[in-house]
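Engineer:
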Amino acid sequence: MPPPKERLPAEYHIGQDEFISDYVAPEPGQHIAMIGPNGVGKTTIGMKLLAQCVALHPETIGLALAMKPHRGPKADGRRSTGDPTVARLTRALGGRITRQWRPHWRHNLMGDPAFWTLWPKHTTEFRADVANHSAVFRDAIIDSYNEGNRWIFADEIYSLCAELKLDPELIHVWSKGRSMKCAIIGATQRPAFVPKWMYSSAKHLFLWRDPDADARKRYGEISGVDPRRVLALTDGLRKHECLYVYPEGDVWATLTPGPFIPDPRAPADAGRTTSRASSTGTP
Ligand SMILES: Nc1ncnc2c1ncn2[C@@H]1O[C@H](COP(=O)(O)OP(=O)(O)OP(=O)(O)O)[C@@H](O)[C@H]1O
Ligand SMILES: [Mg+2]
2 MPPPKERLPA
12 EYHIGQDEFI
22 SDYVAPEPGQ
32 HIAMIGPNGV
42 GKTTIGMKLL
52 AQCVALHPET
62 IGLALAMKPH
72 RGPKADGRRS
82 TGDPTVARLT
92 RALGGRITRQ
102 WRPHWRHNLM
112 GDPAFWTLWP
122 KHTTEFRADV
132 ANHSAVFRDA
142 IIDSYNEGNR
152 WIFADEIYSL
162 CAELKLDPEL
172 IHVWSKGRSM
182 KCAIIGATQR
192 PAFVPKWMYS
202 SAKHLFLWRD
212 PDADARKRYG
222 EISGVDPRRV
232 LALTDGLRKH
242 ECLYVYPEGD
252 VWATLTPGPF
262 IPDPRAPADA
272 GRTTSRASST
282 GTP
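All residue numbers for the sequence shown refer to my numbering, where the first residue is 2 and numbers rise by one.
1) Between Thr44 and ligand 1, is the CB less than 6 Å from at least one heavy atom?
2) So, are the CB atoms of Arg191 and Tyr159 less than 7 Å apart?
3) For Ala233, count neighbouring C-beta atoms within 10 Å of its own C-beta (all shown protein chains included) and say buried if the count is 16 or more, exposed if not.
4) By DSSP's criteria, Met68 is part of a beta bridge. Which residues make up the other side?
5) Let me check one thing: in DSSP terms, what residues is Ala267 bridge-paired to?
6) Which residues in the same chain have their Cβ closer than 8 Å to the Cβ of Val55, if we skip the five residues on either side of it in sequence?
7) Which whole-angstrom value is the C-beta distance of Val231 and Leu256, which I expect to be below 8 Å?
8) In three-state terms, what does DSSP make of Met35?
9) Relative to the alpha-carbon of Asp113, which residue among Met199, Gly96 and Ala141 has its alpha-carbon at the smallest distance?
10) Can you grab the Cα-Cα spacing for the pair Ile46 / Thr125, in whole Å?
11) Give, in chain order, every unbroken run of the beta strand (DSSP E) that is at least 3 residues long and sits entirely within the stretch 209-273.
12) Report the rounded CA-to-CA distance for Trp253 versus Leu244, giving the unit in angstroms.
13) I need the straight-line Cα distance from Arg179 to Asp213, nearest angstrom please.
14) Give the range of the beta strand (DSSP E) segment to which Trp120 is assigned.
15) Does DSSP classify Thr275 as helix, strand or coil?
16) Are the beta-carbon atoms belonging to Ala34 and Gly187 less than 7 Å from one another?
17) Quick one: what does DSSP say Lys204 is sitting in, helix, strand or coil?
18) Would you kindly work out how many angstroms separate the C-alpha atoms of Pro104 and Asp227, rounded to a whole number?
19) Applying the criterion that 16 or more other CB atoms from any shown protein chain within 10 Å of the CB defines a buried residue, is Arg84 buried or exposed?
20) So what's Arg97 in DSSP terms, helix, strand or just coil?
21) Confirm, please, whether the CB-CB distance from Asp215 to Arg89 is below 7 Å.
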């Protein structure tokens, strides 16, 4: 089935969730890029896409790389996580958190999750964490490339490259992953500081309004699209809206925000969860 599933009229407006479930259909090995400033919803769309890509291609495995601290500040006497969006959506979409790759053998007893969220523990030793996390993510990326049939949701491409120095591994997958059916679903809020490969190799792009001049210059590096059209369309977007572009098919669509997906662990939302989602989550 060619991606997207159906041709949308140019500059069509559609709800984010309907678009992900009914229209976009990335093939294994097709890279996806999400570019937008802080807090616009990149992680939200990325997690939903990861779950959908695996659901469309059951022979594939999804792996989200979580970089923020696994424990956030104390609130109401309890520790929150350092990335509530990742924790909530992993649970709500039927994924499961692992601290190591590959997951510990005891996970086999619990059946396969919809996807994995690789979220190494953080300690108080910053430098040791950088070395350790770099090794954990490097092994996971290279294992995914070697095995093939993987989707890697790399949510913080800038940090993976600038802090953990994983640009060679990421470029390896961007440049050759297609043959191994290993794709990167990459997101960044710092487009001026990530490898050009992220834009030039992407088959599917999700772009938010970005007033930053350096970021806007990079639209010219996206293969096969007119940067002026990207600027004109993204400038008209509201905060959580984004522009989807599939350059190969000349498909352009504006995605309007979807409804909030609640955490199955939150008591007020307990009645709205599925049995699958409630059997997964943080170990
Ligand atoms: N479509 C949406 N409609 C309304 N709120 C949204 C939408 N998408 C995300 N949000 C909310 O915005 C906040 C940030 O979302 P998210 O973490 O996905 O953004 P982000 O772009 O990944 O942020 P960051 O750049 O900090 O990583 C969350 O509280 C989330 O619930
Ligand atoms: Mg994010």
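No residue lacks a Cβ here, since even glycine has one placed at the ideal position from N, Cα and C.
Structural biologist: Reading from the atomic positions:
1) yes
2) yes
3) exposed
4) Note: Met68 sits in no beta bridge, so no partner.
5) DSSP output for Ala267 lists no bridge partner at all.
6) Thr61, Ile62, Gly63, Ala115, Phe116 and Trp152
7) That belief does not hold up - the Cβ atoms of Val231 and Leu256 are roughly 15 Å apart, past 8 Å.
8) strand
9) Gly96
10) 31 Å
11) 243-247 and 252-257
12) 7 Å
13) 31 Å
14) Taken as a continuous stretch (DSSP letters only), Trp120 belongs to no beta strand (DSSP E), as it is neither H nor E.
15) Confidence is the limiting factor: at Thr275 the pLDDT is only 38, short of 50, which leaves the residue's position unreliable and the question unanswerable from this model.
16) yes
17) strand
18) 43 Å
19) Checking the sequence, you will find Asp at residue 84 rather than Arg. Per the 10 Å Cβ criterion, buried.
20) strand
21) no
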